[in-house]
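Trainee: Under this note's numbering, the first residue of the sequence shown carries the number 619, and numbering increases by one thereafter.
We put the beta carbon where it would ideally sit given N, CA and C, even for glycine.
Here the structure is a predicted model, which is why all the values come from computation and not from measurement.
Handing you this structure, nothing more for now.
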Amino acid sequence: MTQEVIVNNNKLKLVFQTLNTNYGMIGIIIAMEFAMVLFLGSFSEPMVKIFGKPLLPIDLDNYEISRSGRIIMLYHAFAVPFVGAVALLFLEMYDIRYPFNLQAKYLVFSGSLFSGIGGIVFGYLIPHMFIHTVFLFGLSLSFFGGFMLVLGLFPSKSYQTQDLSEENTIFGYNFEYMNLFLTMLYFIISAAIGGLASSFLGDEPTFLAEDIVRNETHSLLERMVISHLHVMVALLITGIFLMMVTYSEIKGIGYRIIMILAIPGSLLISIGAWLVIVKFEPAHKVINVGAFMLIFGGFILSYHGFKKILAESNEDTVGIKNKSRVLLKDPVKFTLYFELIWGNLVTTIPGIYVGINLDTFRDVNAIGEPYRQIERDFNVAHWHILSALAGLTVCLLLLEHYKIKGKFRDLTGWFFLIGSIVGFGFGALYITRTPETSLTDFYYIMMNIGVMTVFLGVGAFCVAYFKHFAEKIKDHNS
């Protein structure tokens, strides 16, 4: 009996030790976010249509918090823990100075839990200000965790663990760490802008950026919110892109081009978004220049990635048929690089086109009132698809980084690939439709089928991750 208790205690100790690692903390965040998705899905519109009523007795019509307020809480309840998971993976992939690495680790993890749970509970269950304080406490912890990352990444020519060879440096500093430091710095500044905007709001009625973005005049608060929303998604994707560069181990001229483009690219995107606050008219054009630089870098990386997959294969790669067979043999690796191309084609480039022609699209007299709803759909879908692409990429990176194998890994890749092609492809058609098109409903249905397929991929990813976690514990015990 005593021996059995000792064995069980050792198992429990091992579980807690594993949960205390970046790997374990990421798993906790994944479990929390998946539980949040299931909770929200229980009373979502598709579930109500299928079952005739919400699965959970939640009456949002008579809830104290407005719909826009709930959505804002929802955005942050998902986004902050997701950024926390990205930061923990970031700490795995890069050498961050001590003690900033440990401080960042525990701050972003605890901040993720407080903001995620606090945001959902306040937004949908208990509208008490104490719960809102818990949510704000989580945001604060996450912000300071990001600040610790900035300090830990501060460039240094004497930091021996960084590759300071000539081809990997700019002005004597490591290319990747310089890019990562700058991107993280811009990210923290932009997060502070969002925090300032929320403090200015006070007891004022909440609003969604997509509802006020086309107004002819905006208050300082509204401009700060629009700026914050645009730049946070863009910089998050930039950071994930840089992590993909590290994962891909790209070398030579391609690497230098990507690194050289990324420095002004992230800077211009940030400055362009910040200029929105001071009503600088060509702000979108500044953003577009930076976005084009990063898009070009993305195409270079995807080309290198596909080339690397073929080079590492021992099979015949002569001819398109053989190349396609080899590339699709591992759906996770293929999808990882495919999304760099597909995401830019269906989301980023259309967004840039609208940004360049913003005055035309906003001229109601020229394009007609029916386009107002289409413009709103475009605004909402644009950053939703970008966020979804960021999520898919991080899931695939996690599978690769932790070398998670098995059928659920492959299912994740296939579901993400098919779901993104169908969902984001028809989503692009839906948000660029004209009022006269007869295919609006078809586009909408296909888009939702694609989204549900992606959701199946998320489920497969969770099974793969936690199965790997259980096997890791079992191997240690044996």
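In whole angstroms, give me the CA-to-CA distance for L1014 and G1024.
Mentor: So the alpha carbons of these two residues sit roughly 14 angstroms apart.
Trainee: Give a yes or no on contact between the stretch 677 to 689 and the stretch 697 to 712, applying the rule of three or more CB pairs nearer than 8 angstroms.
Mentor: Touching, no.
Trainee: Our contact map puts F1042 next to G1068 with C-beta atoms below 8 angstroms; I'd like the distance itself, whole angstroms only.
Mentor: Confirmed, Cβ separation roughly 7 angstroms.
Trainee: For Y681, does the three-state DSSP call read helix, strand or coil?
Mentor: Here Y681 sits in coil by DSSP.
Trainee: How long is the line joining the alpha carbons of G741 and A891, rounded to whole angstroms?
Mentor: Whole-angstrom Cα-Cα distance: 28 angstroms.
Trainee: Apart from the five residues on each side of it in sequence, which residues of its chain come closer than 8 angstroms, Cβ to Cβ, to Q778?
Mentor: The predicted model places Q778 with a pLDDT of 49, which falls under 50 and marks its position as unreliable, so this point remains unresolved.
Trainee: How should F1026 be labelled, buried or exposed, when 16 other C-beta atoms within 10 angstroms of its C-beta is the threshold for buried?
Mentor: Label assigned to F1026: buried.
Trainee: Are the stretch 991 to 999 and the stretch 1048 to 1056 touching, with three or more C-beta to C-beta distances below 8 angstroms?
Mentor: Yes, the stretch 991 to 999 is in contact with the stretch 1048 to 1056.
Trainee: By how many angstroms is the C-alpha of L800 removed from the C-alpha of N638?
Mentor: Their backbone Cα atoms lie some 29 angstroms apart in a straight line.
Trainee: Where does M619 fall in DSSP's three states?
Mentor: Residue confidence for M619 is low, a pLDDT of 45 falling below 50, so the modelled location carries little weight; the figure read from the coordinates is stated next. In this structure, M619 counts as coil in the three-state DSSP scheme.
Trainee: Could you check the C-alpha separation between I806 and F761 for me, to the nearest Å?
Mentor: Taking the straight line from one Cα to the other gives about 7 angstroms.
Trainee: Does the Cβ-Cβ distance between S920 and I868 come in under 8 angstroms?
Mentor: No, Cβ-Cβ distance for S920 and I868 is not below 8 angstroms.
Trainee: At the level of alpha carbons, what is the spacing between G763 and A722?
Mentor: Approximately 4 angstroms between the Cα atoms of the pair.
Trainee: Figure out for me which residue from F1084, V907, K897 has the closest Cα to the Cα of L879.
Mentor: Per the Cα distances, V907.
Trainee: Who are the Cβ neighbours of V578 in its own chain at under 7 angstroms, not counting the five residues just before and after it?
Mentor: Past the boundaries of the shown model lies residue 578; the chain is included only from 619 to 1096, so the question cannot be answered.
Trainee: Residues in the same chain with beta-carbon distance under 7 angstroms from F793, minus the five sequence neighbours each way, listed in chain order, please.
Mentor: Only N786, T787, M877 meet the Cβ criterion.
Trainee: Report yes if the C-beta distance between I927 and V944 is below 8 angstroms; otherwise report no.
Mentor: Yes. Within cutoff.
Trainee: Select from W1001, L630, I647 the residue whose C-alpha is nearest the C-alpha of Y1083.
Mentor: Y1083 has its Cα closest to that of I647, out of W1001, L630, I647.
Trainee: For the 8 angstroms Cβ check, are there 3 or more pairs between the stretch 882 to 900 and the stretch 736 to 750?
Mentor: No, they do not touch.
Trainee: If you drop the 5 nearest sequence neighbours on each side, which residues of the same chain put their C-beta closer than 8 angstroms to that of P773?
Mentor: Hits under 8 angstroms: Y791, N792, Y795, M796, F799.
Trainee: Please classify L720 as buried or exposed, where buried requires at least 16 other C-beta atoms within 10 Å of its C-beta.
Mentor: Exposed, by the Cβ-count rule.
Trainee: Taking 7 angstroms as the limit between beta carbons, can you name the residues of its chain near A827, skipping five residues before and five after?
Mentor: For A827, where only same-chain residues beyond five positions count, the Cβ hits under 7 angstroms are V843, I844, L847.
Trainee: For Y791, which residues does DSSP report across the bridge?
Mentor: Its beta-bridge partners are I788.
Trainee: Where do the ends of the alpha helix (DSSP H) carrying P949 lie?
Mentor: 949 to 961 is the extent of the alpha helix (DSSP H) around P949.
Trainee: Just confirm the distance between the C-beta atoms of A703 and V1012, as a whole number of angstroms; I'd bet it's less than 8 angstroms.
Mentor: Indeed, because the Cβ distance is near 7 angstroms, the residues count as touching under 8 angstroms.
Trainee: Pull up the distance between the alpha-carbon of S662 and that of L678, whole angstroms please.
Mentor: Near 11 angstroms, if we compare the C-alpha coordinates of L678 and S662.
Trainee: Where do the ends of the alpha helix (DSSP H) carrying S580 lie?
Mentor: It is not possible to answer for residue 580, since the shown part of the chain is limited to 619 through 1096.
Trainee: Pull up the distance between the alpha-carbon of L769 and that of M711, whole angstroms please.
Mentor: Looking at the two C-alpha atoms, the distance is approximately 17 angstroms.
Trainee: If I'm right that V936 touches S888 with Cβ under 8 angstroms, what's the distance once you round it to whole angstroms?
Mentor: No, V936 and S888 are not in contact; Cβ-Cβ is about 45 angstroms, not under 8 angstroms.
Trainee: Rounded to the nearest angstrom, what separates D1028 and S942 at their Cα positions?
Mentor: For D1028 and S942, the distance between alpha carbons rounds to 16 angstroms.
Trainee: Just verifying my parser: in three-state terms, what is the DSSP assignment at E828?
Mentor: Helix, per DSSP.
Trainee: What's the C-alpha gap between S817 and N997?
Mentor: Taking the straight line joining both Cα atoms gives about 25 angstroms.
Trainee: Going by other Cβ atoms of all chains shown within 10 Å of its Cβ, with 16 needed for buried, is Y716 buried or exposed?
Mentor: Burial call: exposed.
Trainee: Just to confirm, is the Cβ distance from V851 to L1004 under 8 angstroms?
Mentor: Yes, they are a contact pair.
Trainee: Considering Cα atoms alone, identify which of G737, G1045, F765 is closest to L725.
Mentor: It is F765 whose Cα lies nearest to the Cα of L725.
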